[in-house]
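Below is one structure, written out as structure tokens; comments come after it.
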Amino acid sequence: MSKGNGGNHQFDTKLIHFGGELDPATGASSAPIYQASTFHHHDIFNPPEFDYSRSGNPTRQALEDYIAVLEGGAGGYAFASGMAAISTTFMLFSAGDHLIVTEDVYGGTYRLLTNILSRLNIETTFVDMTDPDAVKAALKPNTKGVYMETPSNPTLKITDIGLIAAWAREHGLLSIVDNTFMTPYYQRPIELGVDIVLHSATKFLGGHSDVLAGLAVARTKELADRLKYVQNGLGTVLGAQDSWLLMRGMKTLGARMAHSEISARKLADWLNRREDIAAVFYPGLPEHPGREVQERQSTGYGAVVSFDVGSGERAKEVLSRVKLPLVAVSLGAVESILSYPAMMSHASMPAEVRQERGITDGLLRFSVGLEDIGDLIADLEQALQPR
């Protein structure tokens, strides 16, 4: 399927010319959908590259090569969901291992670690990763990995990826980053020394609220082979149709991210000037404590803005009054999505744990889409007005 690896082109060019954009057999302008579960062996003593679609499918392979090119890794892998990518990656660890994890991590990841992997005797310590000393203090003799989510979901705290990855390598730890919010368009953790990068590709990479998918990229071939082995063993793979749909969405990633980030900056500034908003979380704001680190390791601030309207009652009023954004789980789509973390993305996190991490009952998360920002602000203005 591949005719190259993206070469030395700039990122926007790699999004279109990634090596698998043409079918070598016919010249078709997109990778064919190989809707097949199994493949004929013309010579039983020389098995073909693809034999069974759980182990490998040409359409999925094109996608996996695509994300590897964009992230700059040795191998990419596509999964049935973001959580499938995350859970498969955690299966690189064994019973008795200890992990250090960003404290305000996505609720699904928190649930996996605390309610499922804990039953397999995989231990987790959650720390504030904006404080490197707190990360270092969490090290135990059985620590095997460090899991970062930056910007974190939904409070958008920033972890110094390069610093933590270098420390992890010194101690023989596997470093992992959930790069869903930034995407490789703005942030490429492997270039900063990270071992594995993860994506809920359902979000910005897919971009159209029409596909459920996860992606993982490994820095080295040895690690890529290990990840491939677990993917095949668990069978957590992405189907051919969804692989093709995700590739189609990824081709417009640059244009979508650039447009949405400009709008997100304007929304954050507008919210920050309002006296009736208790707090605004966006790494592009001058007073954001992680802005300097963000600018050092990323080329943008992203398209997600979180803000606290003061109470759960007011948050629910706003959610019931907005007319333009979807009120829904998820983010990263062409349409804006307004979410309520306390009852959506982080509902699986106990209330007291949410409060400790700053995920208050008044917190809303706004994923800015491609609508006119003036219309989005006007809509939010009317939703915030006292009745």
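For the sequence shown, this note's numbering gives the first residue as 3, with consecutive numbering after it. Glycine included, every Cβ here is placed at the ideal spot set by N, Cα and C.
Inter-residue CB distance, residue i and residue j (contact presumed, cutoff 8 Å)
| i | j | result |
| --- | --- | --- |
| P285 | R293 | 6 Å |
| G84 | H201 | 7 Å |
| T207 | T185 | Checking the sequence, you will find Leu at residue 207 rather than Thr. Contact holds; Cβ gap of about 6 Å. |
| L333 | V306 | 6 Å |
| S177 | D197 | 5 Å |
| D381 | V324 | 6 Å |
| P156 | R367 | 4 Å |
| V199 | Y149 | 12 Å between Cβ atoms; not a contact. |
| F2 | L119 | Only positions 3 to 389 of the chain appear in this structure, which leaves residue 2 out of reach. |
Exposure label - residue i; buried when at least 16 CB within 10 Å
| i | result |
| --- | --- |
| D227 | exposed |
| T204 | buried |
| K5 | Legend: pLDDT at K5 = 37, less than 50; position of this residue unreliable, value from coordinates given subsequently. That one is exposed. |
| E105 | buried |
| M3 | Model confidence at M3 stands at a pLDDT of 37, short of 50, so the residue's coordinates are unreliable and nothing is read from them. |
| N10 | exposed |
| I339 | buried |
| A27 | exposed |
| H348 | buried |
| P191 | buried |
| P343 | buried |
| E315 | exposed |
Residue interval of the alpha helix (DSSP H) (run including residue i)
| i | result |
| --- | --- |
| H261 | L255 to N274 |
| K146 | Premise fails: K146 lies in the beta strand (DSSP E), T145 to E151, not in any alpha helix (DSSP H). |
| I88 | G84 to F92 |
| A317 | G314 to R323 |
| R171 | I163 to E172 |
| L24 | Looking at the DSSP string, L24 is not in any alpha helix (DSSP H), and its letter there is neither H nor E. |
| I339 | First-last for I339: I339 to S341, but that is the beta strand (DSSP E), not the alpha helix (DSSP H). |
| V71 | P60 to E73 |
| F47 | Looking at the DSSP string, F47 is not in any alpha helix (DSSP H), and its letter there is neither H nor E. |
| D15 | The residue asked about is misnamed: residue 15 is Thr in this sequence, not Asp. Run containing T15: F13 to I18, per the alpha helix (DSSP H) assignment. |
| D133 | Neither: D133 is in no alpha helix (DSSP H) and is coded neither H nor E. |
| P186 | T185 to Y188 |
| R113 | G109 to R113 |
Limits of the unbroken beta strand (DSSP E) element including residue i
| i | result |
| --- | --- |
| G216 | G216 to A220 |
| A80 | G77 to F81 |
| A385 | First-last for A385: I375 to L386, but that is the alpha helix (DSSP H), not the beta strand (DSSP E). |
| A366 | The sequence as given places Leu at residue 366; Ala does not occur at that position. L365 to S369 is the span of the beta strand (DSSP E), which, as asked, contains L366. |
Residues bridged to residue i [DSSP beta-bridge criterion]
| i | result |
| --- | --- |
| T238 | Answer is none; T238 lacks a bridge partner. |
| V355 | In DSSP, V355 forms no bridge with anything. |
| D180 | E151 and L200 |
| T127 | I102 |
| V213 | None, per the DSSP bridge assignment. |
| Y303 | Y303 is not bridged to any residue. |
| A281 | D310 |
| L328 | I339 |
| T40 | Y54 |
Beta carbon proximity, residue i to chain D, threshold 8 Å
| i | result |
| --- | --- |
| Q296 | Of the chains in the structure shown, none is chain D; there is only one protein chain. |
When the Cβ atoms of the segment 240-254 are set against those of the segment 16-33, are three or more pairs found closer than 8 Å?
yes
Cβ contact check for the segment 72-90 and the segment 127-140: 3 or more pairs under 8 Å:
no
Count Cβ pairs between the segment 161-172 and the segment 374-382 that sit closer than 8 Å; are there 3 or more?
Fewer than three beta-carbon pairs drawn from the segment 161-172 and the segment 374-382 are found closer than 8 Å, and the two stretches are therefore not classed as touching.
Could you tell me whether the segment 105-119 touches the segment 265-276, using the rule of 3 or more Cβ pairs below 8 Å?
No contact exists between the segment 105-119 and the segment 265-276.
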